[in-house]
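In order, the protein sequence lines correspond to chains V and L.
The opening residue of the first sequence carries number 2 in this note's numbering; numbering runs sequentially from there.
The opening residue of the second sequence carries number 2 in this note's numbering; numbering runs sequentially from there.
Single-structure report; data block below.
Protein chains: 2
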Amino acid sequence: MIPNLQIDARRLWDSLMETAGIGGTPRGGIARLTLTDADRQVRDWLKQECERLGCTVTVDEVGNMFAVRPGRRSDLPPIAIGSHLDTQPTGGKFDGILGVLGGLEILKTLHDAGYETNAPLMLVNWTNEEGSRFAPAMLGSGVYAGVFDRAYADSREDRQGVTFGEALEAIGYRGSAKAGSIRFGAMFELHIEQGPILEQEEKVVGIVEGVQGMRWYEISVTGREAHTGSTPMPMRRDALVGAARLIDRIEAIALEHGPSAVGSVGLIEVQPNSRNVVPGHVFFTVDFRHPEDAVLDAMERKLLAAIDEMTRKAHLEPELKKVWESPAVRFDADCLASVQKSAEAAGYPARRMISGAGHDAAYIARVAPTAMIFVPCAGGLSHNEEESTSLEECAAGTQVLLGAVLDYDGRGTERPS
Amino acid sequence: MIPNLQIDARRLWDSLMETAGIGGTPRGGIARLTLTDADRQVRDWLKQECERLGCTVTVDEVGNMFAVRPGRRSDLPPIAIGSHLDTQPTGGKFDGILGVLGGLEILKTLHDAGYETNAPLMLVNWTNEEGSRFAPAMLGSGVYAGVFDRAYADSREDRQGVTFGEALEAIGYRGSAKAGSIRFGAMFELHIEQGPILEQEEKVVGIVEGVQGMRWYEISVTGREAHTGSTPMPMRRDALVGAARLIDRIEAIALEHGPSAVGSVGLIEVQPNSRNVVPGHVFFTVDFRHPEDAVLDAMERKLLAAIDEMTRKAHLEPELKKVWESPAVRFDADCLASVQKSAEAAGYPARRMISGAGHDAAYIARVAPTAMIFVPCAGGLSHNEEESTSLEECAAGTQVLLGAVLDYDGRGTERPS
């Protein structure tokens with residue numbers, strides 16, 4: 002039986018709209034790249050809000066933030082609620098942010114009701130989930146889970162050559178706690194779906210059983226710079242023409258493994274990038290995802306074959322680097338049971354599903370029982386300034402999150418401490 | 002009979018190597034984009050050198066520089082020697098620069114010999130020939146020839162939004178003379194071939210009869226930004242995939258009109274250019290060239306058809322702008338006769354040819370008798386830091402240029418003043 006507490010939908014919405022002003026864009030989105038000054042501002046805001054509720058805020062060595070609300074029993078490990086406050090260069094107002102501010106709304110609801118949980122609750126803001134400024138994505142939760150070490154994280158560079166470590170210190174969020182030393186017993190992450198399924202099926206809640214596998218690659222193609230006017234076509238080694246063929250082929254590889262496979266080239270840089278110079282060098286990124294790792298292996302083999310073919314035909318020198326690999330993830334059965342029970346208690350139409358996007362929960366699942374809750378976003382549109390989830394949908398997800406945490410906390414008392 | 006004067010090959014080479022240090026790159030090239038501080042430095046250097054020889058230097062309203070050496074008869078219009086000192090972002094040491102420093106070497110040779118021409122001689126440095134920072138190319142000579150007006154030139158923007166007019170004033174090279182008001186009777190331009198023909202045929206001098214027609218386009222492709230992980234392939238409107246297909250097709254269109262046609266995409270910009278966002282917007286440039294305008298019309302029709310097809314298939318919104326068009330050019334018979342006579346007198350193996358690249362001479366030919374002289378460059382490689390022409394080849398071209406100017410000056414006396 003889940004305690005009957007109701008979150009404040011309007012208060013949650015107001016906090017989403019207030020923080021949307023930090024890094025807000027003219028087109029209604031948010032440009033709050035990780036470890037920028039806008040990121041610092043929203044971190045300062047979150048710290049202040051949590052402390053106002055009597056929580057203690059700790060920061061670890063890679064900038065992950067942990068706000069703890071004490072429970073009745075200090076011998077139980079905290080139950081965590083976590084997501085991220087960083088965004089894409091042209092991001093929306095809900096991706097990641099809903100999971101953190103939903104957690105904050107839960108802390109406020111419990112505070113107002115004077116409700117005491119058995120285990121302490123812990124609100125977490127993970128650093129650099131997006132991976133847009135510093136690849137790879139989910140870097141803060143990855144270091145926490147031991148997927149990457151701190152030195153690796155510190156050495157990541159943005160396209161201007163600034164390192165993660167330099168940027169972290171520049172905004173004053175290098176904490177003293179060792180990553181992974183701030184423990185919790187389980188984590189729940191609320192997030193927008195970033196896909197079209199819930200909306201198409203008119204469901205309000207997604208009970209997320211796992212995350213598909215993902216691989217990121219970087220490809221460099223080197224040809225030869227030459228004059229566009231006086232270099233006959235057969236004498237050219239045009240790196241951009243070679244890259245264009247690969248980009249076309251990468252889409253085809255994803256389609257060949259449909260409907261679940263996706264393949265994308267999101268970033269490309271051309272040297273010297275001048276109208277009348279045949280491009281001598283092209284750098285671009287590849288993002289492959291599928292729920293089965295075996296299918297990703299097959300897609301990778303096809304990518305290698307496509308590169309070989311392009312090279313032979315156009316006399317170009319390619320270089321392929323796999324910069325990130327995240328295997329398919331299954332979430333914890335107990336945590337999922339609490340989410341299921343909470344969704345039923347709240348009476349929202351729900352369905353079980355697999356996440357198409359990567360999330361901090363995918364790494365945390367390696368070190369603690371974890372589950373996720375999805376709510377719809379209009380048209381499945383995300384990583385876009387027009388990303389849109391309604392007040393009611395944000396409230397529904399947060400209410401289910403509250404119920405899941407309280408249900409899990411209730412079971413917790415039966416567990417040996 | 003051409004007066005027997007010899008240029009100083011070593012002095013010419015030393016001036017090429019000295020100025021190569023202004024904007025010089027670690028890989029041995031030059032990065033001296035028009036109207037940057039490096040461009041200002043080399044302009045200051047040229048002005049000083051010319052004044053040391055007793056020349057008067059005037060600058061017009063778009064920054065074109067004119068250094069005049071008086072002749073015996075002030076009633077004759079000057080004979081001009083002109084090219085450009087600006088370079089590509091990763092340019093070589095000879096493209097344009099040889100034509101200006103070759104002219105400077107001629108002024109020094111005449112000065113040392115105390116030789117007095119009939120007509121005044123005029124050395125010209127044209128502004129923004131490359132068109133790399135500010136499109137279109139050959140902007141300074143274009144305004145001089147009345148192809149563009151000053152307001153158009155001033156309003157050109159670089160990719161950072163700085164205008165040509167702002168940059169010109171920032172380096173202090175906005176002159177008071179109206180463009181086109183500083184007249185001359187003919188112009189000779191010495192340039193490296195930037196193509197493979199002379200080298201392949203073991204010729205030292207190219208007598209350039211004309212320039213092929215050129216057209217520059219800008220294409221914008223708009224799709225929709227979306228999450229790379231959770232947006233199914235059929236739901237995407239990927240602007241980069243659409244652009245990639247066009248880039249592939251543009252190469253094919255040029256090959257279909259071979260061997261003389263060339264087609265290139267040199268510059269591309271992707272929004273938001275993030276690894277895990279499906280690109281919502283792509284901007285890129287197209288450069289088509291052929292000696293016959295009718296063939297360029299056919300290539301343009303195929304480009305339009307390719308854009309239509311891409312749009313229908315991928316549900317993208319394209320925008321095509323023709324930003325520049327330069328018809329095929331034929332040079333002046335008298336000027337060419339002087340070049341031919343000079344090449345024969347100097348005894349260099351020469352051939353008549355058409356220029357594949359655009360040059361200031363192509364616009365000047367609309368308002369004054371004009372011709373060009375080519376010398377080889379290794380591998381036909383240009384717009385590249387490895388661009389290479391030997392001391393002997395630079396000297397040969399400059400010697401032929403001197404002879405052509407003196408021969409034309411000799412005929413000049415027979416012309417009514």
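Glycine included, each C-beta is placed from N, C-alpha and C at the ideal position.
As the structure is a computational prediction, the values presented were derived from the model and not from experiment.
Outcome for L:P417 when other beta-carbon atoms lying within 10 angstroms are tallied against a minimum of 16: Low confidence applies here, because L:P417 scores a pLDDT of 44, under 50, leaving its location unreliable; read the following figure in that light. By the 10 Å Cβ count, L:P417 comes out exposed.
Beta-carbon spacing of L:V125, L:V222 below 8 Å: no
Cβ pair count under 8 Å reaching 3, the segment 26-35 of chain V against the segment 84-98 of chain V: Segments in contact, yes.
Proximity test, Cβ basis, 8 Å: V:S142 and chain L: no
Local conformation of L:G404 per DSSP, three classes: helix
Residue-chain proximity (L:P292, chain V), Cβ-Cβ < 8 Å: no
C-beta contact flag for V:V43 and V:C56 at 8 Å: no
Given 8 Å, three or more beta-carbon pairs between the segment 201-211 of chain L and the segment 324-334 of chain L: Enough Cβ pairs lie closer than 8 Å, so yes.
Boundaries of the beta strand (DSSP E) in which V:G243 is found, first to last residue: Here V:G243 belongs to no beta strand (DSSP E); instead the alpha helix (DSSP H) covers A240 to E257.
V:V60 versus V:T390 - alpha carbon distance: V:V60 and V:T390 have their C-alpha atoms some 30 Å from each other.
Chain-order list of residues whose beta-carbon lies under 8 Å from that of L:L108 (same chain, five-residue window excluded): These residues qualify, in order along the chain: C51, L54, C56, A68, R70, L122 and L124.
Residues bridged to V:Y425 [DSSP beta-bridge criterion]: Here chain V has residues from 2 to 418 only, and residue 425 of chain V is not among them.
Interface residues of chain V facing L:W217 [CB-CB closer than 7 Å]: R276
For L:R151 and L:V144, believed in contact at Cβ under 8 Å, the rounded distance: 6 Å
Cβ-based neighbour list, V:A405, same chain, cut-off 6 Å, excluding 5 preceding and 5 following: F189, S339, V340 and S343
Same chain, Cβ closer than 6 Å to L:P4, five either side skipped, listed in chain order: A distance below 6 Å between beta-carbons, with the five flanking residues on each side excluded, links L:P4 to the following residues of its chain, in chain order: L407.
Nearest-angstrom Cα separation, counted from V:E170 out to V:A178: If you draw a straight line from the Cα of V:A178 to the Cα of V:E170, it is about 14 Å long.
Min CB distance L:Q7 to chain C below 8 Å: In the structure shown, chain C does not exist; the protein chains are V and L.
Exposure label - V:D410; buried when at least 16 CB within 10 Å: So V:D410 ends up on the buried side.
Chain V contact residues for L:T286, given Cβ-Cβ distances below 7 Å: R276
Contact set for V:I308: own chain, Cβ-Cβ below 8 Å, skip 5 residues either direction: For V:I308, where only same-chain residues beyond five positions count, the Cβ hits under 8 Å are I220, L247, P319 and L321.
Those residues which DSSP pairs with L:L122 across a bridge: Under DSSP, L:L122 forms a beta bridge with L:R70 and L:I80.
First and last residue of the uninterrupted alpha helix (DSSP H) at L:I198: I198 to Q201
V:A315 in three-state terms, based on DSSP: helix
For L:R225, the nearest candidate out of L:T232, L:D239 and L:P233 (CA to CA): L:D239
Helix, strand or coil at V:V212 according to DSSP, with G and I counted as helix: strand
Beta bridge counterpart(s) of V:A138 as assigned by DSSP: In the DSSP output, where bridge partners are listed per residue, V:A138 has none listed.
Under 9 Å by beta carbon: chain V residues contacting L:M18: Residues of chain V passing the Cβ test: none, with the nearest at roughly 22 Å.
Any non-hydrogen atom of the ligand NAD closer than 7 Å to V:F285 Cβ: Questions concerning the ligand NAD fall outside what the structure shown contains, since it holds no ligand whatsoever.
Local conformation of L:M188 per DSSP, three classes: strand
V:N274 and L:A138 closer than 8 Å at C-beta: No, they are not a contact pair.
Cβ pair L:Y93, L:S383 closer than 8 Å: For the record, residue 93 of chain L in the displayed sequence is Gly; it is not Tyr. Closer than 8 Å, so yes.
Selection from L:G97, L:G264 and L:G176 that minimises the alpha carbon distance to L:V58: L:G176
Best match in L:F285, L:A396 and L:T118 for proximity to L:D76 [C-alpha to C-alpha]: L:T118
C-beta neighbour in chain V for L:P328, strict 8 Å: no
For L:V475, the first and last residue of its enclosing alpha helix (DSSP H): Because chain L is modelled from 2 through 418, residue 475 of chain L falls outside the range shown and cannot be assessed.
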